[in-house]
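Just below is one structure, and these are the notes that go with it.
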Amino acid sequence: MSLRLSRCVAWSTASRTILRCSNLPSNSSLWAFRSNNFSSKPVRQLSDLKNSIFLPQTTFESHIKPVLQSEHDQKVAISGDLHGFYKWQQENRNESDIFVFLDGPPYANGPAHVGHAINKILKDLVVKSRAIALGKRVSFQPGWDCHGLPIELKITKNVQGKTPVEIRELAREVAEESIKLQMNAFKRWGVSADWEKPYRTMDPEYVANQLEVFAELFEKGYVYRSNKPVYWSPSSHSALAESELEYNEKHKSISCYFRFPFINLDLESAGLSYLKNDKQEHIHALIWTTTPWTLPLNNAICYSDSIRYVLVESKTKKGNPLRDLYVVADDLLPEIQKVTGDEFEVLATLENSIFRDKFYRNCMYNEVAMPLLPGKHVSAKVGTGLVHTSYAHGFDDYQIAVSRNEKVNCYVDEEGRYTRQMGHELEGKDVFTQGSKAVLEMFKKHVVHKHNYVHSYPYDWRTKKPVIIRSCPQWFIDVSDIGHRSADIIDDSIKIASGNNDQSASLISLLKNRPAWCISRQRVWGVPIPAVELQGEMKMTSSPKLIRRVAELVREANSTDVWWTKPVEDILTDEIYEELNLNIDGSITKGMDVMDVWLDSGCAWKTIEDQGAVSDVVSEGVDQFRGWFQSLMLTSLAVRDQAPYKRIIVHGFSVDDKGKKMSKSVGNVIDPEVITDGSLKQKALGANGLRLWVALYGSEGVGDVKLGQIVLEDLTRRMTQIRNSFRFLLGALNGYECQEAQVLFAERPLLDRYVLNEVKNHLQRAKKNYEAYKFRAVANEFVQFLQNPLSSLYINSVRDRLYCDPLHSKHHQSAQETIDLIGRSLAACIAPVLPHLAIEYYMNHPVESVDPKNGLRRTIDELLREYEEREVEISEEARKQMQIAMRLKNKVDTVSKGKIDISKQEVEIMLNSEDYDFVQSIHGDNWNSDLVEILGVSGAQIYIGEPESVKFVDAQRKFCIRCRKHKREQKEQVCRRCTEAINC
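Here it is as structure tokens:
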């Protein structure tokens, strides 16, 4: 009589585990299996199998319901003291092995988004990898950047009629609320930090420290005030540093070719009398500009001594009564003809010396003569080779003015409108719109050609509006010296990398070519630049004593508003009057400029001065090459002659699956909460899923970090694989009680020895990757390891022994001890990336559940020491055995093609003589048992033969109902192993 067991389902009740079997014949007799005897009497129940078959059981769930995910993560965090981990490692780790990590402050402007997730989780991977994986004591004080225009913009509707102090209070409330929202999100993501003592750039102590740094910069001569061109944002009425710009690649300008008539250059003076004819000629300097609004502000035209210039005439306009001739660069003539659609005849090549002492007519004032000047910035790459120069509206232009000791006047106001000095036709007109059109209309006689020009143009990164270059009195820091010194230090000793990509050249280039740093902003919400002006002198002045006095008052009052609330006479002391050479009886006015926010955050190194003053690493987005990485280095080096960091880690920014920038208007923005807690269309992946995304997609490289439906589906698959693997590992420990190993490593089956050796190697690789900040490598290798060898080899192969061997046999014990060490090792390995998972593993572990906090407190080194104590080192003999077994397993899988239940099959194996002799020499019976387990078959016969092959054959023994393999002898009721298990 045959008995077919087609489906078995195990489940748990309050008192026992039951095995249900279905699809049994109604008249079949069932064998009774008892723990203390074996009987052939037919019975009608299979419940006695529970005493002899191992049934995996765990409270660890494969899937968490979306509505419960947030609650589940919170429960795990509490059980594992996730938010207390930072304090624990601070108190329990050796202070001599401290790792200092300076946080680049996020901006306190609204709730957390995916950009924050990339940045803060990547930083947490650094923190936890050092604290968990490497056992260091980590210092990480989170920070927030609190000042600046965006916060003021949020309260614009509420500031009408408000005093500066009232505006500052409203702005402070916005920053406070944003910090709360962001901090809660960061904690939700499992980020560990000193949340009780964050630094905030709006706090009195931070502001006082910043003022003291500013006083040092002033005292050392780095700070000065000057009336010169800066990037000016008409939309925010403030000067901007270059780091506050973003470039719009699709900006459209009205550009034009414009001519300025020469005054003292004609054909005769040029030695070109032979070109004269019966028409009166006019020679013009032809320029090209994308800012026609600056034409009435023209001060000079610059030329280059290294460019070849030619005199040209339009072929299409030879019929005109007057003859117009133009001077242009020879190399640029083809482009000029292409753009204008005109064809020019080259009449002569000109000597560059011809431009000396030559003048042309000002387009605004016809009787005013303007000079032609040599300029090193002039090139033949674009335009005409002659550069329209306006001292107040260009950086190179300004340098020309300085070299000639010329006065610089600006006739464009804070709103980007012409002032009254420009006359009735232009006064009050916006230079971008009405102003440009008005200028082109006013001087249309000299507009040779105009057209729309799409190009890259600087925008205010906060208001998203175009900026202008405008000369006005501002405070600056001279970075010419410290910029080059910073570049040299980075080149010599600071690694800037993301994964394996060296990014040092980017920052070095920016530092070496950085212009003067404009640090003053015409705002209310910020750190004041302490400066005063004596009535009638029109000159703002400051001093180290004045700046330090304000810092002192900030500390005394515990308020950052003292500059606005205290009368100037209460701020100035006798020493300050003397230092500034002020008339004590004069009327003195306070300056109202505040500092650039990059100077705010650039002083963050002051927060770690008591910990060695140098951060082991800093990590921000690639945009901070132009921002915080520079400001931090420049201020630190200038004030204390020391670099603020030893290493920089850079990351990219989030885009959708198609590589498009995330935008609310496009509708492709994904909130981090959708990933963690799910939505109607998206499964909840918890904090683990969000952190896995950052590790796999955003932790190495400065390229785009993709996030969209395809990525979310990939994360869902990976999280399912991870949780299923851990569920098996925990379920396999059902009933496990051992605190120490009972089976020596050398006595374990080959499969156990092999997998433990692989896990040890995996731990060692993970440690090296953590040390090198290669978090994507850690996460990738972890997921791959779960697939192979853990799942496809070990779990698939060990199930038979785990379920069917006698429960207290050495081989069953070996399987559980091996699985226990695997689980604890994998939890320690991935804890920095998926801390909730590591804690949850310990929460559900039959022994470790008494203290789930160990999920974050067991270091990789502790696990590796355990491997050493257990002498987990596979011998060369065992390695060769495993190589042969794996080679044969691949052949078995190839032959079966996944269509044969190989567990019920026997295989005949042909081995070459060398391998055959080898396996026979190492106790053939043991090898056969190991091989059968690894191949997952019922039996194996090995023969000498060439070529090596495997073949499925009919099993010589009968089917065993208990283990579901063909291992039972004809007269036995179950196979010998099952009999032993039943009777043990």
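Mapping to full-length UniProt numbering: the sequence shown position 120 is 120, numbers consecutive.
C-beta: ideal position from N, C-alpha, C; glycine also.
Every value quoted in this text rests on a predicted model; they were computed, and no experiment measured them.
Judged by DSSP secondary structure, Ile874 falls outside any beta strand (DSSP E); it is assigned neither H nor E. Just measuring C-alpha positions, the residue of Ile670, Val213, Ser471 and Gln813 sitting nearest Pro544 is Val213.
Annotation for Ile179: Ala108 and Trp144 place their beta carbon closer than 6 Å to its own, counting only its chain and skipping 5 residues before and after. Around the beta carbon of Pro947, a 10 Å sphere encloses fewer than 16 other beta carbons of the protein chains shown; the residue is thus reported as exposed. 8 Å or more divides the Cβ of His762 from the Cβ of Gln522. Contact annotation: Ser601 and Trp563 have beta-carbon atoms that are not nearer than 8 Å. Linking Glu552 to Glu533 through their CA atoms gives a straight-line distance of about 21 Å. Taking 8 Å as the cut-off, the Cβ atoms of Glu980 and Gly939 do not count as close. Cβ-Cβ separation between His83 and Lys197: approximately 14 Å, too far for a contact (criterion under 8 Å). Taking all protein chains in view, the Cβ of Asn500 is surrounded by fewer than 16 other Cβ atoms within 10 Å, so the residue is classified as exposed. In the structure shown, His845 falls within a coil segment according to DSSP collapsed to helix, strand and coil.
For His284, the enclosing beta strand (DSSP E) stretches over residues Glu281 to Thr289. Between His845 and Gly190, the gap from beta carbon to beta carbon reaches 8 Å or more. Thr316 and Leu347 have their C-alpha atoms some 15 Å from each other.
Put simply, the backbone Cα of Gly659 is about 35 Å away from that of Asp194. Approximately 18 Å separates the beta-carbon atoms of His284 and Arg308; this is outside 8 Å, ruling out the contact. Looking at Ala766, Cys363, Tyr326 and Asn320, the one whose alpha-carbon comes closest to that of Val310 is Tyr326. Here Ser797 is near Ile934, since their CB atoms are less than 8 Å apart. The distance from the Cβ of Leu856 to that of Ile132 is about 6 Å, consistent with a contact at the 8 Å cut-off. Contact holds between the region 604-615 and the region 638-653, because three or more Cβ pairs, one in each stretch, are under 8 Å apart. Note that the region 431-448 does not touch the region 270-278; fewer than 3 beta-carbon pairs, one per stretch, sit closer than 8 Å. When only Cα atoms are considered, Asp396 and Tyr457 end up about 17 Å apart. In terms of CA proximity to Ala772, Lys495 leads the group Leu786, Trp605, Glu969 and Lys495. Counting other Cβ atoms within 10 Å of its Cβ, Ile710 stays below 16 and is therefore classed as exposed. Distance between Gly385 and Asp331, taken at the CA atoms: about 9 Å. For Ser236, there is no enclosing alpha helix (DSSP H), since its DSSP letter is neither H nor E. Across the structure, Asp714 and Asp657 are spaced so that their CA atoms are roughly 12 Å apart. For Ala779, the closest C-alpha among the options Lys445, Ala112 and Asn688 is that of Asn688. When secondary structure is reduced to three states using DSSP, Pro321 falls in the coil class, being assigned neither helix nor strand. In the DSSP assignment, Asp677 falls within the unbroken alpha helix (DSSP H) covering Pro672 to Asp677. Taking one beta carbon from each stretch, the region 744-751 and the region 874-886 have 3 or more pairs nearer than 8 Å; the two touch. A direct Cα-Cα distance of roughly 21 Å separates Ile98 from Asn854. Burial is judged here by how many other beta carbons sit within 10 angstroms of a residue's own beta carbon; Tyr794 has at least 16 and is buried. Note that the C-beta distance between Ser654 and Val597 is not below 8 Å. If you look at Cys256, you'll find it in the beta strand (DSSP E) that goes Leu245 to Pro261. The closest CA to that of Asp460, considering only Gln920, Leu864 and Ser233, is found on Ser233.
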